[in-house]
Amino acid sequence: MAYCLGHRTSLLSSTAQQRTSSPRRPACSATPAASIPLSAPSFLSRPMLGVASRHAVRPQRGLKCYALNEDTNFSKEPRVNVGKPFDGNTQYVKDQEAYPAGSQPSQNGPAPEGSPLASLQDLDEYPGDFKRRRWITFVGIVVGYACFYLTRNSLTYTAPVMVHDQALPGVNMIQIGALTSIFPIAYGFSKFASGVLGARTSPSYLLAFGLMATAAVNILFGFGHSMLWFSVCWTINGLLQGVGGPCCARILTSWYATKERGTYWGMWNIAHNLGGFTAPLLAGTAARSMGWKWGMWAPGIVGVTVGILLLLALRDSPEAIGYPPVEIVEGKAQAAGEEDQPKESLMTLLVNNVLKNPYIWMLAITYFFIYVVRQGVTSWFVFYLMKAKGVADAGAAAVRVSGLELGGLFGSLLAGTVSDVLIARDPEGGSVGKRIQVVMAYTLGVAGMLAAFWASPASMPWLQWATVFMIGFFLYGPQMLIGLCGAELLAPESVGASQGFLGWVAYLGAANAGIPLSIIVNKHGWNAYFLSLFVACGCALLLLAPMIQAKSYVQRQAADEDELKLKGA
């Protein structure tokens with residue numbers, strides 16, 4: 008079997024008379040010598056890339072033949088013109104020997120063997136260069152988002168040094184608390200706004216420049232001496248931080264098909280843990296050893312450096328480097344005369360594609376309750392162990408809950424993989440529904456582990472650590488998969504808006520885990536606190552139940568296309 012990358016335009020040869028007459032013919036064929044004479048020099052030399060004339064050579068049987076755009080390249084790997092976008096003219100042809108010279112592939116119905124490929128899924132194996140570029144992109148969004156977390160958490164580990172700095176007499180714990188309260192408000196608004204406004208912007212550029220901007224704000228923070236300066240800088244940092252998540256979601260959904268997206272989305276989710284792990288090591292160590300200013304400057308310098316690398320390395324999608332998309336979205340091709348139609352406005356995009364979708368609202372409110380549980384666990388477990396279980400001090404209690412993030416790392420990785428396996432077993436079923444089923448199972452696990460932690464005796468710290476580990480395992484799976492479901496429910500141009508909306512509602516849930524839960528604990532005790540978390544889990548399950556058969560946007564478009572073909576027949 009051979010693979011061919013060809014061009015719709017005529018094949019260039021050493022003379023104008025040797026051009027092919029078929030505009031759909033690929034750049035190489037099973038019998039190229041039948042249409043282009045061979046000569047001895049053609050086997051001995053090859054013109055430099057970019058030269059108009061090309062010599063034809065017969066590919067060896069069994070050799071994978073690739074040619075991109077105007078270059079004929081009989082080699083084992085495709086030559087990709089990096090930076091030259093895929094514009095619909097480049098043809099990817101499978102099994103060239105089944106595509107006779109001069110034949111015209113059908114435009115309708117499933118593509119026959121040997122016809123131009125609409126997406127990379129039609130290949131038995133992704134080309135090596137594509138896999139390399141995709142891996143670079145994936146590592147880039149993981150490291151990039153981890154750096155967003157680093158510049159987000161830098162103040163947390165710098166603030167203790169600031170409070171004891173004699174050069175900052177006006178800074179105390181109350182003022183630091185005010186700074187940390189400003190940030191989530193700005194961040195929640197930013198995530199929503201950037202998801203909507205970013206729909207018309209290159210996600211790779213927005214990610215890179217957003218990271219460099221938030222890193223620059225960290226550096227500027229270190230030059231301040233007043234609370235006004237610190238407040239302004241940290242508010243701006245919150246407004247910039249919301250760029251990261253929606254951009255990474257758009258890039259990841261462009262490079263990974265539905266059948267594998269859950270696994271890689273879960274792997275990308277470790278950026279949260281990576282950034283959270285790096286922040287105390289870098290910011291905390293720098294602040295203690297070189298002064299609080301370096302606690303802000305060090306993450307800022309790292310962020311600027313990584314942002315520059317992202318700007319050079321990332322590409323929005325496979326089409327940006329000359330490949331077709333990883334999966335075809337049926338019914339989205341524009342007819343002649345429609346290409347010049349104006350695009351939807353940002354408000355129309357938000358309202359029609361996001362806010363009018365009932366599944367998005369169900370996911371958003373589910374996210375609200377999941378974040379109530381998550382923030383309720385992270386904010387109150389230490390107090391619960393000290394007040395209700397009699398743990399001696401905050402340090403000992405912190406050790407018992409330290410397994411939360413570690414469990415979340417494993418849980419999110421497994422959740423994505425399990426959802427991909429379920430989709431592979433039943434490709435005709437609703438792919439979003441399969442992921443929802445995993446979310447529901449994980450949510451039941453959260454409720455069960457909360458009950459186990461509630462019942463665990465204070466004399467068994469190892470059991471409490473293990474139950475907290477499992478709470479993190481089950482809690483971070485839904486947190487990761489709900490965002491993925493929101494991305495797959497909508498068209499590619501609406502992914503950023505959906506992530507922004509879901510993130511905004513989620514942080515409203517996190518905010519409601521603060522004062523409301525504190526009132527519940529003070530008035531009704533810790534039993535009421537746990538009952539509130541159980542109610543949140545139950546509400547999430549009720550909201551998820553109607554979506555267990557939900558299909559992705561790609562599946563719905565394919566079904567609509569098939570229905571139109573049946574009506575036309």
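Under our numbering, the residue at position 212 of the sequence shown is numbered 219, and the numbers go up by one with no gaps.
Glycine included, C-beta positions come from ideal geometry on N, C-alpha and C.
If you compare alpha carbons, which of the options is closest to residue i?
i: methionine 467; options: Asp323, Gly397, Leu235 and Ala290; result: Gly397
i: methionine 447; options: Leu259, Ala185, Tyr271 and Tyr374; result: Tyr374
i: glycine 177; options: Val150, Gly307, Phe216 and Ser233; result: Ser233
i: arginine 139; options: Arg322, Val428, Val358 and Asp567; result: Arg322
i: tryptophan 304; options: Gly135, Gly493 and Met219; result: Met219
i: glycine 269; options: Ala565, Ser559 and Glu570; result: Ser559
i: cysteine 254; options: Thr285, Leu573 and Ala200; result: Ala200
i: leucine 317; options: Leu429, Ile143 and Leu411; result: Ile143
i: proline 553; options: Tyr263, Gly402 and Trp368; result: Trp368
i: asparagine 485; options: Ala454, Thr312, Ile189 and Ala498; result: A small correction: the amino acid at residue 485 is proline; asparagine does not occupy that position in the sequence shown. That would be Ala454, whose Cα lies nearest to the Cα of proline 485.
i: histidine 171; options: Ala294, Ile443 and Ala518; result: Ala294
i: alanine 395; options: Asn360, Val439, Asn534 and Val309; result: Asn534
i: glycine 291; options: Val439, Glu267 and Thr163; result: Thr163
i: isoleucine 277; options: Tyr156, Ser525 and Ile377; result: Tyr156
i: alanine 222; options: Leu319, Ser261 and Ala153; result: Ala153
i: arginine 141; options: Lys572, Ala264 and Leu573; result: Ala264
i: glutamate 334; options: Thr260, Asp136 and Met169; result: Thr260
i: proline 523; options: Gly490, Ile555 and Val379; result: Val379
i: lysine 266; options: Lys572, Asp433 and Gly575; result: Asp433
i: methionine 274; options: Val149, Asn360, Val425 and Ile226; result: Val149
i: phenylalanine 460; options: Gln506, Gly479, Glu435 and Pro365; result: Gly479
i: isoleucine 377; options: Ile443, Gly423, Pro331 and Ala543; result: Ala543
i: methionine 477; options: Met456, Met487 and Ala465; result: Met456
i: alanine 518; options: Val384, Gly307, Val475 and Leu214; result: Val384
i: leucine 482; options: Gly307, Ile258, Val250 and Phe417; result: Phe417
i: arginine 207; options: Leu571, Gly503, Leu549 and Gln556; result: Gly503
i: glycine 436; options: Gln382, Ala566 and Gly493; result: Ala566
i: glycine 521; options: Thr474, Gln382 and Val475; result: Gln382
i: glycine 307; options: Cys546, Gly202 and Arg159; result: Arg159
i: proline 325; options: Tyr133, Phe508 and Gln562; result: Tyr133
i: glycine 314; options: Gln564, Ala166, Tyr212 and Val224; result: Tyr212
i: leucine 246; options: Thr285, Val561 and Asn225; result: Asn225
i: threonine 424; options: Ala403, Asn364 and Leu488; result: Leu488
i: leucine 2; options: Gln562, Asp400, Ile443 and Thr165; result: Given a span of 8 to 576 for the chain in the structure shown, any question on residue 2 remains unanswerable.
i: tyrosine 330; options: Ala557, Asp569, Glu570 and Phe137; result: Phe137
i: glycine 493; options: Pro365, Gly135 and Gly516; result: Pro365
i: leucine 578; options: Ser161, Thr355 and Ala286; result: The chain is shown only over 8 to 576; residue 578 falls outside these bounds and no answer can be derived.
Beta-carbon of residue i versus every beta-carbon of chain E: anything under 7 Å?
i: aspartate 323; result: In the displayed structure, chain E is absent; only one protein chain is listed.
Since residue i and residue j should fall inside the 8 Å C-beta cutoff, what is the C-beta to C-beta distance between them, to a whole number of angstroms?
i: cysteine 408; j: phenylalanine 388; result: Looking at the sequence shown, residue 408 is not cysteine but valine. 5 Å between Cβ atoms; contact.
i: serine 438; j: glutamate 495; result: 7 Å
i: tryptophan 272; j: leucine 491; result: 5 Å
i: glycine 147; j: glutamine 506; result: The pair is not a contact, with the Cβ atoms about 18 Å apart (cut-off 8 Å).
i: lysine 441; j: leucine 451; result: 16 Å between Cβ atoms; not a contact.
i: leucine 235; j: glycine 151; result: Not quite, the Cβ-Cβ distance comes to about 31 Å (not below 8 Å), so this is no contact.
i: phenylalanine 508; j: valine 361; result: 6 Å
- the region 504-512 in contact with the region 457-473 per 3-pair CB rule at 8 Å: no
- Task: Return the chain-ordered ranges of every alpha helix (DSSP H) run that is complete within the region 344-428 and spans a minimum of 4 residues.
- Result: 365-394 and 401-407
- Message: Assess contact between the region 177-190 and the region 481-500, defined as three or more Cβ pairs (one per stretch) separated by less than 8 Å. Is contact present?
- Response: no
- Specify whether the region 290-307 and the region 191-198 touch according to this definition: at least 3 beta carbon pairs, one from each stretch, less than 8 Å apart. no
- Query: Quick one: any contact between the region 231-249 and the region 521-541, if contact means 3 or more CB pairs under 8 Å?
  - Reply: no
- Contiguous alpha helix (DSSP H) assignments of at least 4 residues, all confined to the region 206-292: 210-228, 234-248, 251-262, 265-275 and 277-286
- Query: For the 8 Å Cβ check, are there 3 or more pairs between the region 237-250 and the region 180-187?
  - Reply: yes
- Task: Please confirm if the region 413-422 is in contact with the region 514-532, defined as three or more CB-CB distances below 8 Å between the two stretches.
- Result: no
- Task: Scan the region 445-482 and note each continuous beta strand (DSSP E) run of 3 residues or more that stays entirely inside, going in chain order.
- Result: none
- Kindly provide the ranges of any alpha helix (DSSP H) runs that are 4 or more residues long and lie completely inside the region 517-543, ordered along the chain. 522-531
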